[in-house]
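So the protein lines, in turn, are chains A and B.
All letters in the first sequence, in the order written, are residues 1 to 459 by our numbering.
All letters in the second sequence, in the order written, are residues 1001 to 1459 by our numbering.
What follows is a set of notes on a single structure, which appears directly below.
Number of protein chains: 2
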Amino acid sequence: MAIDETVRQHKYTLTEDEMPTAWYNIIPDLPAPPPPPLHPGTQAPIGPEDLAPLFPMALIAQEVTTDRYVDIPGGVLDVYRQWRPSPLFRAHRLEKALDTPARIYYKYEGVSPAGSHKPNTAVPQAYYNAIEGVRKLTTETGAGQWGTALAFACALYGLECEVWQVGASYDAKPYRRMMIEAFGAEVHRSPSDLTEAGRRLGADPANQSGSLGIAISEAVEAAVADPTVRYALGSVLNHVLLHQTIIGEEALLQMAQAGDTPTLIVGCTGGGSNFAGLSFPFLREKLAGNIDPRILAVEPASCPSLTHGTYAYDYGDTAGMTPLMKMHTLGHDFVPDPIHAGGLRYHGMAPLISHIYELGLMDAIAVPQTECFAAAVTFARTEGIVPAPEPTHALAMAIREAEKAKETGEETVILTALCGHGHFDLAAYDAYLRGEMQDEVVSEERFAAAMATVPHVAE
Amino acid sequence: MAIDETVRQHKYTLTEDEMPTAWYNIIPDLPAPPPPPLHPGTQAPIGPEDLAPLFPMALIAQEVTTDRYVDIPGGVLDVYRQWRPSPLFRAHRLEKALDTPARIYYKYEGVSPAGSHKPNTAVPQAYYNAIEGVRKLTTETGAGQWGTALAFACALYGLECEVWQVGASYDAKPYRRMMIEAFGAEVHRSPSDLTEAGRRLGADPANQSGSLGIAISEAVEAAVADPTVRYALGSVLNHVLLHQTIIGEEALLQMAQAGDTPTLIVGCTGGGSNFAGLSFPFLREKLAGNIDPRILAVEPASCPSLTHGTYAYDYGDTAGMTPLMKMHTLGHDFVPDPIHAGGLRYHGMAPLISHIYELGLMDAIAVPQTECFAAAVTFARTEGIVPAPEPTHALAMAIREAEKAKETGEETVILTALCGHGHFDLAAYDAYLRGEMQDEVVSEERFAAAMATVPHVAE
Chain A
1 MAIDETVRQH
11 KYTLTEDEMP
21 TAWYNIIPDL
31 PAPPPPPLHP
41 GTQAPIGPED
51 LAPLFPMALI
61 AQEVTTDRYV
71 DIPGGVLDVY
81 RQWRPSPLFR
91 AHRLEKALDT
101 PARIYYKYEG
111 VSPAGSHKPN
121 TAVPQAYYNA
131 IEGVRKLTTE
141 TGAGQWGTAL
151 AFACALYGLE
161 CEVWQVGASY
171 DAKPYRRMMI
181 EAFGAEVHRS
191 PSDLTEAGRR
201 LGADPANQSG
211 SLGIAISEAV
221 EAAVADPTVR
231 YALGSVLNHV
241 LLHQTIIGEE
251 ALLQMAQAGD
261 TPTLIVGCTG
271 GGSNFAGLSF
281 PFLREKLAGN
291 IDPRILAVEP
301 ASCPSLTHGT
311 YAYDYGDTAG
321 MTPLMKMHTL
331 GHDFVPDPIH
341 AGGLRYHGMA
351 PLISHIYELG
361 LMDAIAVPQT
371 ECFAAAVTFA
381 RTEGIVPAPE
391 PTHALAMAIR
401 EAEKAKETGE
411 ETVILTALCG
421 HGHFDLAAYD
431 AYLRGEMQDE
441 VVSEERFAAA
451 MATVPHVAE
Chain B
1001 MAIDETVRQH
1011 KYTLTEDEMP
1021 TAWYNIIPDL
1031 PAPPPPPLHP
1041 GTQAPIGPED
1051 LAPLFPMALI
1061 AQEVTTDRYV
1071 DIPGGVLDVY
1081 RQWRPSPLFR
1091 AHRLEKALDT
1101 PARIYYKYEG
1111 VSPAGSHKPN
1121 TAVPQAYYNA
1131 IEGVRKLTTE
1141 TGAGQWGTAL
1151 AFACALYGLE
1161 CEVWQVGASY
1171 DAKPYRRMMI
1181 EAFGAEVHRS
1191 PSDLTEAGRR
1201 LGADPANQSG
1211 SLGIAISEAV
1221 EAAVADPTVR
1231 YALGSVLNHV
1241 LLHQTIIGEE
1251 ALLQMAQAGD
1261 TPTLIVGCTG
1271 GGSNFAGLSF
1281 PFLREKLAGN
1291 IDPRILAVEP
1301 ASCPSLTHGT
1311 YAYDYGDTAG
1321 MTPLMKMHTL
1331 GHDFVPDPIH
1341 AGGLRYHGMA
1351 PLISHIYELG
1361 LMDAIAVPQT
1371 ECFAAAVTFA
1381 RTEGIVPAPE
1391 PTHALAMAIR
1401 EAEKAKETGE
1411 ETVILTALCG
1421 HGHFDLAAYD
1431 AYLRGEMQDE
1441 VVSEERFAAA
1451 MATVPHVAE
């Protein structure tokens, strides 16, 4: 066979010294501020004291800050340096297999200890809790990437960690539970008998496979019951999205190193933190008129909150314990089918992303899972990385755009977030390769019934 | 809690341009050449024609070369650049947890597409077969790291790939089989019904859990039966060890970057390729009088070929189809207990490492698996990487030495090879954490019975 011996640069790396030392807050750069969260009882805007049973004061301050940049503490930078800056790859072999003039770059977060982007926020969350004297953190996890990340971060700062894992994932992915335990945390299948919310919601057979909404209710209940315990959320909130912007800040430097400018930035969205992390720093540059990429969120057909949900105030959890947040929502008691992309099974979208979507600054699309896995297998056999099911949604769109570029001859420059590896998701690949994977079909009636539970809030 | 905010460098990275472009062959630098392999029938030294049914000519030439350096072809470098140079980490957090004055560095190969060091040789092996027109490669795999690596490499160069996986690992680690299939290869449980060797050896119930020796027999038989097929071996042979030396060549540059000189180099040994890869370039510097590290191989108590085997000519496989190689061997039909470190379950040691051990240029020790997993959990909870069971053997010794340094106050500088991650081995962690892991006990009678099968070769 003919072997291609062209010298090509595959990855763009930054030294530890080149790592950004501040997170970026997009709120002051937006043409309008996002609507405030409301108290679930009074429906009045919440204050810091309402969040104090859940989060340390430093994170509450970050949740509402209007500063454009927040310095990353030294104790967090030191941990980040273990795997950050993460590499940006040029997908030469994928491009060749697709025979496309498009140039495809992917920012790879699978190099982190948990194998995903989640430690970017788990580490600062554990850090701020530790310095404020918290003993234990509780949290939910879906596929397990967030639970792994928080367990790792808690181990480093000497915190205990207790995780409620969505039942469907707990059953299907035992290795994730084992990895969380290897990092020293305790894991429960959700719905569990350990909380009032778990017992009540678990009594309904329809809830037995669990959901992120139910697991959040359990973890929140366990946290507020004990003043030495706080809660940590892996996505959705402003401070979580803030922490993830280190991805995009690094990618900006690495794209400059590559001498290239993206025309399309594409990421998958569940709660939205990975997508925000990559795209917000580029959106800042777009709002400043420096670049003009299309920014595209990709969600699963089974849980299309942005493209199919209503934009309204809703609870972040199923039991209705969290503040009301204005967001694109499928209804707080919507239980998505147990698809393989467990990390994208959340009924709502981050309020900040929902707001930016309403402002017309980004696009969104929903794709079915077999197209995602077809893209994933092509990617694995060319780039050598078996992606997590979540970012395969972005890969599917990247491949669609690269194929379109082949037709038009346009040199599209695609930047995507490969937010994690799929080492714990091989059963999904097995199902796909055996032809046993189905595309999701959700009836309009089911969506409508779930959205009918969204509370009525006078605005 | 007190947070340590000291600025410390965690990783030493090289640019793609700084990646070494030649493999190092230690043979010409040794005080005596290693004994030659012999024909299994005639017991005369073999020539290239004897190996031609198994390997392409380029690899046969590398097997016997006396050149000190072999240039890495451009078509291989281009693939290496996807993940190489691999990072060298300073284990600051582990050192702190151990409260040791020792400085611990680990060269991490888990960043590769297969999650281990194996692609370093899988890629050139597939490359040379591809340019010589081979259609398909067969191979064996234990834990599955080698099978994954070869499947990946074959996908890149358009070769078919067929893998016989040791039965115990096939049963215990289905995700590895699925990952090999995700890369497009076919996997069989060994012993299988597909080969004469598999049928014959599989008839003995004692062989049902399989062994690398049996799986090699099957893969070799399948290769020699078809002139368009060749065989690939993941360790043991000179050309395999040669390809792995890129690990040590990079580590030399990275230790210089760190401004430090190892006093102990420690690696795990199954067939020996990972150990050779890290240590041979340092051994070159030691033989030249530039540095003086102790070089230490660590093997599992269940399969201690170096510390417990006889140094004699033996077959590389159980059926006796391979050439006779002079090596430390437990006997070619020794079937080790199905321990978690599946990659270390090989009856023999690489002839080149066996020779170097006999020359007194390195040490070896065997350790039991619970100590290895205790070390692994400490490592995971500090460094954030869950190691494969194989390199936990080296970590266990690194920790022993770091603890010794704490007693003596000596600033030992330890360099170890973290040759892969343990994402597919979480069941082993689960067993350890639940207190269900046993240390291996192998009776002297069982070793003696196995070694009695080593053939008598007049030298």
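Glycine is no exception: its CB is placed at the ideal position from the N, C-alpha and C atoms.
Identify which residue in the options has its Cα closest to the Cα of residue i.
i        : options                                : result
P1153(B) : N1129(B), S1279(B), Y1175(B)           : It is worth fixing the name first, because residue 1153(B) is Ala in this sequence and not Pro. Considering only alpha carbons, the answer is N1129(B).
H1239(B) : Q1254(B), L1253(B), D1071(B), L1156(B) : D1071(B)
S1192(B) : A1219(B), P1304(B), V1298(B)           : A1219(B)
S1273(B) : P1304(B), V1166(B), C1419(B)           : C1419(B)
A1312(B) : F1334(B), G1348(B), A1102(B), P1281(B) : G1348(B)
D1260(B) : P1034(B), V1229(B), D1226(B), F1089(B) : F1089(B)
G267(A)  : S190(A), E109(A), E383(A), L212(A)     : E109(A)
L426(A)  : T310(A), M397(A), A143(A), V298(A)     : A143(A)
E1162(B) : T1139(B), L1278(B), E1459(B), P1174(B) : T1139(B)
G1158(B) : E459(A), L38(A), D4(A), R400(A)        : D4(A)
P1020(B) : P1036(B), Y1069(B), Q1062(B), P1056(B) : Y1069(B)
G1422(B) : I1339(B), G1115(B), L1283(B)           : G1115(B)
T310(A)  : Q165(A), F447(A), R84(A)               : F447(A)
To the nearest angstrom, how far is it from the Cα of residue i to the Cα of residue j?
i        : j        : result
V1076(B) : L1150(B) : 14 angstroms
G1074(B) : Q9(A)    : 13 angstroms
Q1082(B) : R93(A)   : 10 angstroms
Q1244(B) : V1236(B) : 11 angstroms
P1455(B) : A1380(B) : 43 angstroms
L1352(B) : M1327(B) : 8 angstroms
V377(A)  : A396(A)  : 11 angstroms
K1286(B) : D1292(B) : 5 angstroms
A225(A)  : H332(A)  : 22 angstroms
T65(A)   : Q1254(B) : 41 angstroms
L233(A)  : Q43(A)   : 22 angstroms
L324(A)  : P40(A)   : 6 angstroms
T121(A)  : I1399(B) : 30 angstroms
T382(A)  : G1133(B) : 20 angstroms
P1368(B) : E1444(B) : 16 angstroms
L1038(B) : G1360(B) : 24 angstroms
N25(A)   : T412(A)  : 28 angstroms
A341(A)  : E401(A)  : 22 angstroms
A319(A)  : E403(A)  : 44 angstroms
T453(A)  : L201(A)  : 15 angstroms
E181(A)  : R1103(B) : 28 angstroms
Name the one or two DSSP bridge partners that residue i has.
i        : result
Y313(A)  : K326(A)
I1104(B) : I1414(B)
K136(A)  : E160(A), V229(A)
Y12(A)   : L88(A)
H1239(B) : Its beta-bridge partners do not exist; DSSP assigns none.
P1387(B) : H1421(B)
L1296(B) : V1266(B), D1363(B)
Could you name the residues of the same chain whose beta carbon sits closer than 8 angstroms to that of residue i, not counting the 5 residues immediately before and after it, in chain order?
i       : result
E477(A) : Here chain A has residues from 1 to 459 only, and residue 477(A) is not among them.
Please check the pair residue i and residue j, which I expect to be a contact at CB under 8 angstroms, by giving their CB distance rounded to whole angstroms.
i        : j        : result
T370(A)  : M437(A)  : 5 angstroms
L330(A)  : H308(A)  : 7 angstroms
A1366(B) : K1107(B) : So it is not a contact: roughly 23 angstroms between Cβ atoms.
A52(A)   : I46(A)   : Actually they do not touch by this definition, with Cβ atoms about 11 angstroms apart.
S86(A)   : E250(A)  : 7 angstroms
Y105(A)  : A276(A)  : Going by Cβ atoms, the distance from Y105(A) to A276(A) rounds to 18 angstroms, so no, they are not a contact pair.
S1302(B) : V1442(B) : 6 angstroms
Looking only at its chain, what residues have a beta carbon closer than 6 angstroms to the beta carbon of residue i, apart from the 5 residues adjacent to it on each side?
i        : result
G1270(B) : G1343, L1344, Y1346
F1183(B) : A1151, F1152, A1155
F1424(B) : K1173, Y1175, R1176
T228(A)  : R135
S209(A)  : G167, A168, P338
M321(A)  : S217, V220
Near residue i, what residues of its chain come up, given a Cβ to Cβ distance below 7 angstroms and the 5 sequence neighbours on each side ignored?
i       : result
L306(A) : T269, A297, E299, H328, M349, Y357, A364
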